[in-house]
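> What follows is a structure written as structure tokens; I'll ask about it next.
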Amino acid sequence: MAKSCKGLAEELVKCLSDSMCVKDEKRSIRDCAGEKSPCIPSECVGLRETYFNCKRGQMIGNANSQRSSMLVNT
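Read in our numbering, the sequence shown has 57 at position 69, and its numbers run on one by one without any break.
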């Protein structure tokens, strides 16, 4: 995982760990991360969206970088 998204991932895990989904329903963090449930605090939902956008941005940046290097090498 790239360092730029690592902090967001850690915050998301902590937030979900403290949620009712994990604590009361005894579900895994991974299961709860994919949930759109009222037991997930809005703070966690916001962190999840920010984290996914961060990862998406890295993938787009990575794809553009690979395309550029392919053009240079041809």
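From the three backbone atoms N, C-alpha and C, an ideal C-beta is built for every residue, glycine too. Note that the structure is predicted; figures quoted are calculated from it, not measured.
1) List in chain order: all unbroken alpha helix (DSSP H) runs of 4+ residues lying wholly within the segment -6 to 30.
2) Given a cut-off of 9 Å, decide if C42 and L(-4) are closer than it, judged by their beta-carbon atoms.
3) E(-1) to L35, Cα distance in whole Å?
4) By the 10 Å Cβ neighbour count, where 16 or more other Cβ atoms means buried, how is S25 classified, buried or exposed?
5) Using the beta-carbon count (16 or more within 10 Å), is S7 buried or exposed?
6) Could you check the C-alpha separation between K2 and V10 for me, to the nearest Å?
On the basis of the coordinates in this document:
1) 8 to 11 and 17 to 21
2) Position 8 of the sequence shown, counted from the start, is the residue given in the question as residue -4. Position 54 of the sequence shown, counted from the start, is the residue given in the question as residue 42. In this structure, C42 lies closer than 9 Å to L(-4) by Cβ.
3) On the sequence shown, residue -1 is found 11 positions in, with the first residue counted as 1. On the sequence shown, residue 35 is found 47 positions in, with the first residue counted as 1. The alpha-carbon atoms of E(-1) and L35 are separated by roughly 7 Å.
4) The residue you call residue 25 lines up with position 37 of the sequence shown. Looking at its Cβ environment, which holds fewer than 16 other Cβ atoms inside 10 Å, S25 is exposed.
5) Counting from one through the sequence shown, the residue named residue 7 turns up at place 19. Classification of S7: buried, given that the 10 Å Cβ count is 16 or more.
6) Counting from 1 along the sequence shown, the entry for residue 2 is found at position 14. Counting from 1 along the sequence shown, the entry for residue 10 is found at position 22. Those two C-alpha atoms are separated by around 11 Å.
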